[in-house]
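What follows is a short report on a single structure.
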Amino acid sequence: MPIIGMVAVLALVSGACSRGSGRGVGSGITGRVTISGSSTVEPISVRVAELFEDVESGVAVTVDGPGTGDGFKLFCAGETDISDASRPIKDKEIGECAEAGIEFVELRVAIDGIAVMTNENNPVDCVSFADIYALVGPESTGFKRWTDAQALASELGSSSTLPDGSLDIYGPGEESGTFDSFVEIVLEHTAEERGQDATTRPDYNANADDNVIIQGLQSSDSSLGWVGYAFTANVQGVKLLEVDGGDGCKAASPGAIATGEYPVARSLYIYVNKAKAEASPAVTSFVDFYLSDGGLGAAVSDVKYVNLTEEDRMASRAEWSAR
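Next comes the structure, spelled out in structure tokens:
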């Protein structure tokens with residue numbers, strides 16, 4: 019998230035949760051909770067914080083979303099209580115936390131799809147994993163037009179006929195969990211089979227702000243990009259592409275994301291510093307509320323993400339209780 023947007027979120031949530039509206043009916047706990055990490059999970063945590071203020075108005079919660087990777091850097095340095103993440107923590111990050119003496123609990127909180135998008139004027143309606151690899155994978159560096167990727171896509175087994183338009187690509191950067199999830203789900207298998215690094219081409223328009231990515235897609239009739247599905251609600255000038263992950267073209271929808279029918283979907287998480295939760299009733303109370311029906315159950319729906327099943331919600335609560 020850009021600095022201006024981050025400050026706005028900090029001011030909104032911290033102000034709302036610290037000004038004491040008189041509506042709090044909780045235990046009278048006071049304190050602070052600091053959250054950073056995924057810009058995808060950020061709207062959920064912001065909404066939970068707003069709902070939490072209605073119960074515990076003495077707790078100030080700050081939330082920002084620089085990206086999953088940057089959030090884990092802060093978390094493993096002991097600078098935050100909770101880290102939002104749109105992918106599981108990596109082994110390297112686990113090691114960094116361990117070196118700093120930080121133990122954590124991983125809590126799954128929601129499901130989100132990754133929407134593959136283009137401008138509404140682009141004739142393309144569906145892309146396969148092979149098409150996407152040919153257009154944005156590590157072997158596509160320098161491709162300036164969609165047709166530049168045609169030979170590679172065909173070599174990979176695609177039957178698509180790519181349009182003859184400029185290839186203007188917009189997506190999150192490497193600091194983003196959405197970037198990592200997209201690479202892992204869509205590109206990694208083909209890259210490894212072909213002896214390539216599992217990553218994207220470096221020459222695309224990368225930005226940590228999903229809204230900036232969407233603006234880029236709106237600006238070019240033959241654009242291509244990807245963002246978290248929740249950011250696509252009520253967006254004009256773009257269209258969601260169906261994606262063929264091997265079982266035919268599938269459209270992104272809450273139901274298809276929840277069942278896994280749509281092939282580009284991932285779980286969303288929060289990571290809680292165990293020691294900080296032990297030392298701070300504010301942190302413990304906030305996470306208790308986060309996992310409740312009044313917290314997570316309401317917030318995920320409010321911000322248009324996909325709720326976990328009841329079984330999975332109970333599993334997260336059990337994980338938190340067992341800490």
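Residue 162 in the working numbering is what sits at position 144 of the sequence shown, and the numbering runs on without skipping anything. Just so it is clear, CB atoms sit at the ideal spot from N, CA and C, and this is done for glycine as well.
query, result
"Using three-state DSSP, classify Phe200 as helix, strand or coil.", "helix"
"With a threshold of 16 other CB atoms inside 10 Å of the CB of Val25, please say whether the residue is buried or exposed.", "Note that Val25 scores 37 on pLDDT, short of 50, meaning its location in the model is unreliable; the coordinates nonetheless yield the value given after this. It counts as exposed."
"Throw me the rounded Cβ distance for the Ser176 and Ser146 pair, which I believe falls under 8 angstroms.", "5 angstroms"
"Looking only at its own chain, which residues have a Cβ that is under 8 angstroms from the Cβ of Val154, when we skip the five neighbours before and after it?", "Ile187, Gly189, Leu205, Thr218, Arg219, Tyr222, Leu242"
"Whether or not the stretch 265-285 and the stretch 159-179 are in contact is what I'm after, with contact meaning three or more pairs of Cβ atoms, one per stretch, closer than 8 angstroms; do they touch?", "no"
"DSSP three-state label for Gly292, please.", "Correcting the residue identity first, residue 292 is Lys in this sequence and not Gly. Three-state DSSP puts Lys292 in a helix."
"What does the alpha-carbon distance come out to for the pair Val261 and Arg163?", "20 angstroms"
"Can you tell which of Ala133, Glu202, Glu157, Phe307 has the C-alpha that lies nearest to the C-alpha of Val253?", "Ala133"
"Taking the beta carbon of Thr159 as the centre, do at least 16 other beta carbons fall within 10 Å, making it buried, or is it exposed?", "exposed"
"Going by C-alpha to C-alpha distance, which of Asp99, Thr136, Thr208 sits closest to Ala148?", "Thr208"
"Judging by CA-CA distance, which residue of Gly273, Val282, Ser101 is the nearest neighbour of Leu259?", "Val282"
"Helix, strand or coil, according to DSSP, for Arg163 in the structure here?", "strand"
"With a CB to CB cut of under 6 angstroms and the five nearest residues on each side skipped, what residues in its chain are close to Arg284?", "Ser199"
"Note the first and the last residue of the continuous beta strand (DSSP E) segment covering Lys322.", "Element bounds for Lys322: n/a, residue is neither H nor E."
"Name the DSSP bridge partner or partners of Thr136?", "Lys257"
"For the stretch 76-107, list the beta strand (DSSP E) runs that are entirely contained and at least 3 residues long, ordered along the chain.", "77-81, 100-103"
"DSSP on Gly246, reduced to helix/strand/coil?", "strand"
"Once DSSP output is grouped into helix, strand and coil, what is the label at Ser241?", "strand"
"Using a 10 Å radius around the Cβ and a threshold of 16 neighbouring Cβ atoms, would you call Asn139 buried or exposed?", "exposed"
"Which residues does DSSP pair with Arg50 in a beta bridge?", "Ala78"
"Thinking just about the alpha-carbon of each residue, which of Lys108, Glu157, Gln236, Leu314 is nearest to the one in Arg17?", "A query on residue 17 cannot be resolved here, the shown segment of the chain reaching from 19 to 341 and no further."
"For the candidate residues Val123, Ile100, Val77, whose alpha-carbon lies nearest to that of Ser63?", "Ile100"
"Can at least three beta-carbon pairs, one atom from the stretch 113-126 and one from the stretch 45-57, be found at a separation below 8 angstroms?", "no"
"Tell me the rounded alpha-carbon separation between Tyr247 and Gly191.", "17 angstroms"
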